[in-house]
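The UniProt record's numbering numbers the first residue of the sequence shown as 1 and each following residue consecutively. What follows is a short report on a single structure.
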Amino acid sequence: MRQRRWIELLKDYDCIIQYHLGKANVVADALSRKSFGSLAAIKGCRRQLLGDLRSLQVHIRFLDSGALVANFRVQPDLVGRIKALQKNDLNLVQLMEDVKKGSKSDFVLSDDGVSRFKTKLCVPNDGDLRRELLEEAHCSRLVIHPRGTKMYKDLRQNYWWLGMKRDIAQFVAQCLVCQQVKAKHQRPAGFLQPLSIPEWKWEHITMDFVTGLPRTLGAIMQFGFWHSLQKALGTKLSFSTAFHPQTDGQSERVIQVLEDLLRACALDLKGNWDDYLPLVEFVYNNSFQASIGMTPFEALYGRRCRSPVCWDDVGEKKLLGPELVQLTVEKVSLIKERLKAAQSRQKSYADNRRRDLEFEVGDHVFLKVSPMKSIMRFGRKGKLGPRFVGPFEILERVGTLAYKVALPQLEPIQIFEDLTYEEVPVQIVDVMDKVLRHAVVKLVKVQWSNHSIREATWELEEEMREKHPQLFQDSGMSSLED
Numbered sequence: 001m002r003q004r005r006w007i008e009l010l011k012d013y014d015c016i017i018q019y020h021l022g023k024a025n026v027v028a029d030a031l032s033r034k035s036f037g038s039l040a041a042i043k044g045c046r047r048q049l050l051g052d053l054r055s056l057q058v059h060i061r062f063l064d065s066g067a068l069v070a071n072f073r074v075q076p077d078l079v080g081r082i083k084a085l086q087k088n089d090l091n092l093v094q095l096m097e098d099v100k101k102g103s104k105s106d107f108v109l110s111d112d113g114v115s116r117f118k119t120k121l122c123v124p125n126d127g128d129l130r131r132e133l134l135e136e137a138h139c140s141r142l143v144i145h146p147r148g149t150k151m152y153k154d155l156r157q158n159y160w161w162l163g164m165k166r167d168i169a170q171f172v173a174q175c176l177v178c179q180q181v182k183a184k185h186q187r188p189a190g191f192l193q194p195l196s197i198p199e200w201k202w203e204h205i206t207m208d209f210v211t212g213l214p215r216t217l218g219a220i221m222q223f224g225f226w227h228s229l230q231k232a233l234g235t236k237l238s239f240s241t242a243f244h245p246q247t248d249g250q251s252e253r254v255i256q257v258l259e260d261l262l263r264a265c266a267l268d269l270k271g272n273w274d275d276y277l278p279l280v281e282f283v284y285n286n287s288f289q290a291s292i293g294m295t296p297f298e299a300l301y302g303r304r305c306r307s308p309v310c311w312d313d314v315g316e317k318k319l320l321g322p323e324l325v326q327l328t329v330e331k332v333s334l335i336k337e338r339l340k341a342a343q344s345r346q347k348s349y350a351d352n353r354r355r356d357l358e359f360e361v362g363d364h365v366f367l368k369v370s371p372m373k374s375i376m377r378f379g380r381k382g383k384l385g386p387r388f389v390g391p392f393e394i395l396e397r398v399g400t401l402a403y404k405v406a407l408p409q410l411e412p413i414q415i416f417e418d419l420t421y422e423e424v425p426v427q428i429v430d431v432m433d434k435v436l437r438h439a440v441v442k443l444v445k446v447q448w449s450n451h452s453i454r455e456a457t458w459e460l461e462e463e464m465r466e467k468h469p470q471l472f473q474d475s476g477m478s479s480l481e482d
């Protein structure tokens, strides 16, 4: 409407309107530039400024009868609290008695009557006071959850109490935010658990799908086909954890070798990669494997498969009857011994870089989550999402390093034909007035169904009142202007 009004005014004039870049107008006065601050913005920030002033915990005292800002002096209330609580700490009282006798040279009684260790304030043994100091040094906006060493270095400059470093380490270890977002720089937990060695050929079969290749079937078709096939064969299935290669490292290692062979075929031999799948299968089965001390083909059939390299072999050794059975039994026994030796060697190497960690039923643990593309967790996507979620209680121990935890119940979601679902608001968490240049927009922070309170989003109050009026009645707010 404003542009239309100006157009109606300017249509009676014969003029040329030409846009001039702001950065090109170097001689412009500062007052002619767009202002990002206004009286309305200052008025909207008044409530936040008052809240920040209260959080400083200061006393404002007039020195003169005037009302000038220059006559204000800010004096922290924390020193007064420490001074008052020092009189209730019997250890500090006894310590000051020793100072007066001259037996404690490191401790002094300052002119204002506060006990100090050298130049540092002696914090009395008061739980609320110490927790307040620890929270200010750890959870404040000016520090943002430092680690124990950094936090100790900051506090030790001004404060001292017995066991200060231990209390700081315990406080940081119990911080819920740090447990969820901080990266772990320790050795991986849990010793290596080798797979069980099968007793005979084809007793254990592992299977995994290599995704991301062109011309592959969809996940739904793959699952339906293989589920029906294994059901018809009567195979006992033992599923592994998705996106966790450590669950079946043997299959992952084989897939890595096969992918390298396919890359070499695509780079050197050219053509379509799927045309070389039979050759890749032959090459792998006819390659020497250090764990069993022979090729997979020899382990299965008792001899190596011929290739052009073996052009001088004119015949094959034929084994029949008991001799074939005896040779097969000897091969299987030899392979089992070699596999056991290889697993023992690999475990000794791997455990040197790991640490032992076990939990008991009833303990509470965090679950590590991997950042996935376009997936939002707690209102953040990708790298800014939490590294760990929880804590969750351990219900049962199902393996050496596997546990069953109590996860929250998921609400049933009605999925539409286009694989979408309706987001239903649950409650209003907070309200806010967003101050613009010439207007004030009222916003409400809404928590949605199937989402935690951390994933609440800001929505326009007018739209939410129109679409979901019951939300304001349930929250007990007839009007957000109050």
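Think of the CB as a built atom: it goes at the ideal place given N, C-alpha and C, for glycine as much as any other residue.
Just verifying my parser: in three-state terms, what is the DSSP assignment at residue i?
i: His427; result: The sequence shown places Gln at residue 427, not His. In this structure, Gln427 counts as strand in the three-state DSSP scheme.
i: Glu199; result: coil
i: Trp160; result: strand
i: Ile255; result: helix
i: Arg355; result: strand
i: Lys404; result: strand
i: Thr295; result: coil
i: Pro391; result: strand
i: Leu384; result: helix
i: Arg5; result: helix
i: Phe191; result: coil
i: Lys442; result: strand
i: Thr457; result: strand
i: Leu217; result: Model confidence at Leu217 stands at a pLDDT of 46, short of 50, so the residue's coordinates are unreliable; what they give is reported in the following sentence. In the structure shown, Leu217 sits in coil (DSSP, three-state: anything other than H, G, I, E or B).
i: His468; result: coil
i: Val79; result: helix
i: Asp433; result: strand
i: residue 483; result: With the chain represented from 1 up to 482, any question about residue 483 goes unanswered, as that position is not in the structure.
i: Gln289; result: strand
i: Ala70; result: With a pLDDT of only 40 at Ala70, under the threshold of 50, the placement of this residue in the model should not be trusted; the figure read from the coordinates follows. Looking at Ala70 - three-state DSSP - the assignment turns out to be helix.
i: Glu422; result: coil
i: residue 555; result: Examination of residue 555 is not possible in this model, given that the chain is present from 1 through 482 alone.
i: Gln447; result: strand
i: Lys368; result: strand
Between the alpha carbons of residue i and residue j, how many angstroms are there, rounded?
i: Glu360; j: Pro391; result: 14 Å
i: Val435; j: Cys15; result: 36 Å
i: Leu169; j: Cys175; result: Here residue 169 is Ala; the residue named in the question, Leu, does not match the sequence. Ala169 and Cys175: Cα-Cα distance of roughly 10 Å.
i: Leu162; j: Gln179; result: 26 Å
i: Cys139; j: Val181; result: 14 Å
i: His185; j: Trp458; result: 36 Å
i: Glu455; j: Val429; result: 11 Å
i: Val254; j: Leu384; result: 34 Å
i: Arg252; j: Arg130; result: Reading off the sequence shown, one finds Glu at residue 252, where the question assumed Arg. If I take the Cα positions, the gap works out to 51 Å.
i: Asn272; j: Ala266; result: 7 Å
i: Val446; j: Gln427; result: 6 Å
i: Ser478; j: Met432; result: The pLDDT assigned to Ser478 is 47, lower than 50, so where the model puts this residue is not dependable, and the model offers no usable value.
i: Lys150; j: Thr119; result: 20 Å
i: Leu334; j: Gln193; result: 22 Å
i: Ile197; j: Gln409; result: 38 Å
i: Val329; j: Val405; result: 44 Å
i: Asp363; j: Ala232; result: 41 Å
i: Thr216; j: Asp274; result: Below a pLDDT of 50, predicted positions are generally treated as unreliable, and Thr216, at 48, falls in that range; no measurement from the model is reported.
i: Asp154; j: Ala137; result: 8 Å
i: Glu147; j: Val172; result: Looking at the sequence provided, one finds Arg at residue 147 rather than Glu. The alpha-carbon atoms of Arg147 and Val172 are separated by roughly 7 Å.
i: Glu132; j: Arg5; result: 58 Å
i: Val441; j: Lys467; result: 18 Å
i: Met221; j: His227; result: Interpretation of Met221 is limited by its pLDDT of 46, a score under 50 that renders its predicted location unreliable; the figure taken from the coordinates is listed afterwards. Those two C-alpha atoms are separated by around 10 Å.
i: Asn286; j: Glu298; result: 8 Å
i: Arg345; j: Gly293; result: 14 Å
i: Trp200; j: Val365; result: 39 Å
i: Glu358; j: Ser291; result: 29 Å
i: Arg397; j: Glu281; result: 39 Å
i: Trp202; j: Val332; result: 12 Å
i: Tyr403; j: Lys368; result: 14 Å
Assuming residue i contacts residue j (C-beta within less than 8 Å), just tell me the rounded distance between them.
i: Lys104; j: Leu95; result: 6 Å
i: Pro425; j: Trp448; result: 6 Å
i: Gln250; j: Leu195; result: 6 Å
i: Tyr284; j: Leu261; result: 7 Å
i: Arg354; j: Phe191; result: 6 Å
i: Leu460; j: Leu443; result: 6 Å
Could you check whether the Cβ of residue i sits closer than 7 Å to any heavy atom belonging to the ligand ADP?
i: Glu358; result: As far as ligands go, the structure on display features none, and thus does not contain the ligand ADP.
Could you tell me which uninterrupted beta strand (DSSP E) segments, each at least 3 residues in length, are contained entirely in the stretch 84-160, listed from first to last along the chain?
If we require 3 residues or more, the beta strand (DSSP E) runs fully inside the stretch 84-160 come out as 107-109, 115-117, 120-122.
Looking at C-beta atoms only, is the number of pairs between the stretch 145-158 and the stretch 108-118 that lie closer than 8 Å three or more?
Put simply, the stretch 145-158 does not touch the stretch 108-118. Fewer than three CB pairs are less than 8 Å apart.
Cβ contact (3+ pairs, closer than 8 Å) linking the stretch 85-95 and the stretch 115-132:
Yes, since at least three Cβ pairs between the stretch 85-95 and the stretch 115-132 fall closer than 8 Å, the two stretches touch.
Is it true that the stretch 339-356 meets the stretch 297-305, where meeting means three or more beta-carbon pairs spaced less than 8 Å apart?
Judged by pairs of C-beta atoms under 8 Å, the stretch 339-356 does not touch the stretch 297-305, as fewer than three such pairs exist.
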